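Please read the structure below before turning to the comments.
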Amino acid sequence: MKKVLLLNPPGERLYIRDYFCSKVSQADYLTHPVDFVVLSGILAGEYEVGLIDAIAGKLSPESALEEIRRFAPDAVISLFGSVSLPEDLAFAAKVRAACPGARLVGLGDAFRDGGAKYLGPDSPLDALLLDFTTRDIVSYLEGDHGSAANMLIRDGGEVLPPGTRPAAERYEVPVPRHELFSGYDYRHPFVRSRRFATVLTDYGCPFHCSFCVMGTLGFKSRTPASVMTELEHIKSLGIKEVLFHTQTFGARKEEARELCRRMISAGLGLGWTCFSRVDVADPELLSLMREAGCHTVIFGVESGSDEILKKYGKGYTRGQIISAIDHCAAIGIETVGTFILGLPEETHETMERTLDLLRTIKLDYASINVAVPRMGTPLREEAIAHGLVDGDFAVMDQSGAEVAMGSRTLSREEITKYRKRAVAIFYFNPRYILRRLARIRSFYDLTRQLKQAAALAANTWFGEK
Ligand code: SF4
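Structure (structure tokens):
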């Protein structure tokens, strides 16, 4: 049986590379690369699948290479992040030298724009995978290039473009091999147990917020039956917590309701966290989610300014945000709001609106990020058009440790200061700290929250370059 290695390459920082995004972990969290979770199931039927996560395993480049040689793969699928691209390309060249006969396939946000240029004659890469939920990778590995529609493939001296298969509305995948990931210390601030599984239901996102890659991937939902088979498998492994990496849980509302009903009637007893939108997670869906085990929802709040929300295509208002968060608090679901500071139209006034929201909103956690002109997004085009970045601009970390760009009226330094104020306003006030302490559920919970606070403080005050 041929051997396929899933490789998250080593890095100088705690990089998170998955699902066509990459960043430096903001607060010491590290989740299972969801691309690899899905691919582990697709590949397992035909190949011996191995995993080396050099980030989670804290492997040096030398140790990672040693492990790769020991596995002796016939093919390597490696993650590449825009945030770490020079390092990733240099390491890929070493993998190529260490395994000259293996095919090397790249996967990641770095290839969303003009991926073909990474398949030149001197590139260590043989192909790029553009959608990790299909069997295209199997077709490619079997030499059937014509059927590998979601790939860019170097064939002799030319690069074959992706095929033109019509987009699917729904999809199913074989049960991922979650056990493959058990040797690594993955962690996430909102899961409530050290052992957890990351699950993808829907792929992509039907919304089109202009700063986000997900709206550019298309959208297809995964059938509730397929998700349930995976959840039953997770339960059989003794895992009790799930992070749904789905970008907007409930985007196809009736399917989300059906999944919740199935989880309830199967008595899975899983606790879970998901991402959703304030205009999607309505009271009826939230009640079903709660009954099915959902304890935390992560919402994209982005800004306290209605003008910013409108300009960047969010499609909802500050009032809708407040009412969804209030409703979650009332029914006992914890909420996390993700914010993006420093979009091109950001001004002192819109920043103050966001700070004002942070003072009063009943969120349990806030993740305060800075705008990043991600590959393939309308925001990138806007930023380039306004001269805020140039086309080769390399700072792609949204954590705020490095601010990617100024807005049209605010400098990078001013955005950095606003971010520090935002973190302080939300987290470092006595009312918030007392509320959090009152909600500590276990020793694990206490240590998790202390680590989070330490990492957040370090990132906010000492991480800036
Ligand atoms: S920000 Fe959220 S809702 Fe908007 S496109 Fe991205 S994933 Fe979808």
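The opening residue of the sequence shown carries number -9 in my numbering; numbering runs sequentially from there. From the three backbone atoms N, C-alpha and C, an ideal C-beta is built for every residue, glycine too. Model, not experiment: these values are computed from the prediction.
| Query | Result |
| --- | --- |
| According to DSSP, residues forming a beta bridge with Ser12 | Arg7 |
| Val413 in three-state terms, based on DSSP | helix |
| Boundaries of the beta strand (DSSP E) in which His285 is found, first to last residue | Cys284 to Glu292 |
| Cβ-Cβ distance between Tyr193 and Leu20 below 8 Å | no |
| Local conformation of Thr459 per DSSP, three classes | Since the first residue of the chain shown is -9 and the last is 455, residue 459 is not available in this structure. |
| Where Phe234 sits in the DSSP three-state scheme | strand |
| Ligand 1 heavy atom lying under 7 Å from the CB of His198 | yes |
| Arg267 beta carbon near ligand 1 (any heavy atom closer than 7 Å) | yes |
| Gly98 beta carbon less than 8 Å from that of Phe10 | yes |
| Those residues which DSSP pairs with Ala117 across a bridge | Val95 and Ile143 |
| Nearest-angstrom Cα separation, counted from Ala54 out to Gly453 | Legend: pLDDT at Gly453 = 44, less than 50; position of this residue unreliable, no value from coordinates given. |
| Spatial distance of Ile415 from Leu348 (CA atoms) | 7 Å |
| Neighbour-count burial assignment, Ala428, 16 or more Cβ in a 10 Å radius | exposed |
| beta-carbon Cys318 near ligand 1 non-hydrogen atom, thresh 7 Å | no |
| Under the three-state DSSP convention, the category Lys455 falls into | With a pLDDT of only 31 at Lys455, under the threshold of 50, the placement of this residue in the model should not be trusted, and no figure is reported. |
| Own chain residues within Cβ distance below 6 Å of Leu369, not counting five before or after | Ser200, Phe201 and Pro363 |
| Inter-residue CB distance, Leu109 and Arg144 (contact presumed, cutoff 8 Å) | 4 Å |
| CB of Ile358 within 8 Å of CB of Val413, strictly | yes |
| Contact the stretch 222 to 230 vs the stretch 57 to 68: 3+ CB pairs below 8 Å | no |
| Sub-8 Å separation of Cys250 and Ala282 beta-carbons | yes |
| Bridge-paired residues (DSSP) for Phe209 | Gly194 |
| Nonlocal neighbours in the same chain, by C-beta distance under 6 Å from Lys455, ignoring five residues either side | With a pLDDT of 31 at Lys455, under the threshold of 50, the predicted position of this residue should be treated as unreliable, and no value is reported. |
| Assumed close pair Asp12, Ser72 - CB separation to whole angstroms, cut-off 8 Å | The sequence given here places Ser at residue 12; Asp does not occur at that position. Indeed they touch by this definition, with Cβ atoms about 5 Å apart. |
| Proximity test, Thr238 beta-carbon vs ligand 1 heavy atom, cut-off 7 Å | yes |
| heavy atom of ligand 1 below 7 Å from Gly327 C-beta | no |
| Euclidean distance between Cα positions of Leu190 and Glu274 | 22 Å |
| Residue closest to Gly208, alpha-carbon to alpha-carbon, out of Tyr161, Thr325 and His223 | Tyr161 |
| Helix, strand or coil at Cys264 [DSSP, three-state] | strand |
| Nearest candidate by alpha-carbon position, reference Glu403, set Phe418, Ile430 and Val360 | Val360 |
| Residue from Arg421, Val95, Ser216 and Gln439 whose Cα sits closest to the Cα of Ser113 | Val95 |
| Cβ contact (3+ pairs, closer than 8 Å) linking the stretch 165 to 176 and the stretch 24 to 35 | yes |
| Residue range of the alpha helix (DSSP H) that includes Asp43 | It is not in any alpha helix (DSSP H) - Asp43 instead sits in the beta strand (DSSP E) that spans Glu38 to Asp43. |
| Proximity test, Cys195 beta-carbon vs ligand 1 heavy atom, cut-off 7 Å | yes |
| Cβ pair count under 8 Å reaching 3, the stretch 206 to 223 against the stretch 237 to 257 | yes |
| Counted within 10 angstroms of its Cβ, other Cβ atoms place Arg438 as buried (16 or more) or exposed | buried |
| Asn419 burial status per 10 Å Cβ neighbour count (16 or more: buried) | exposed |
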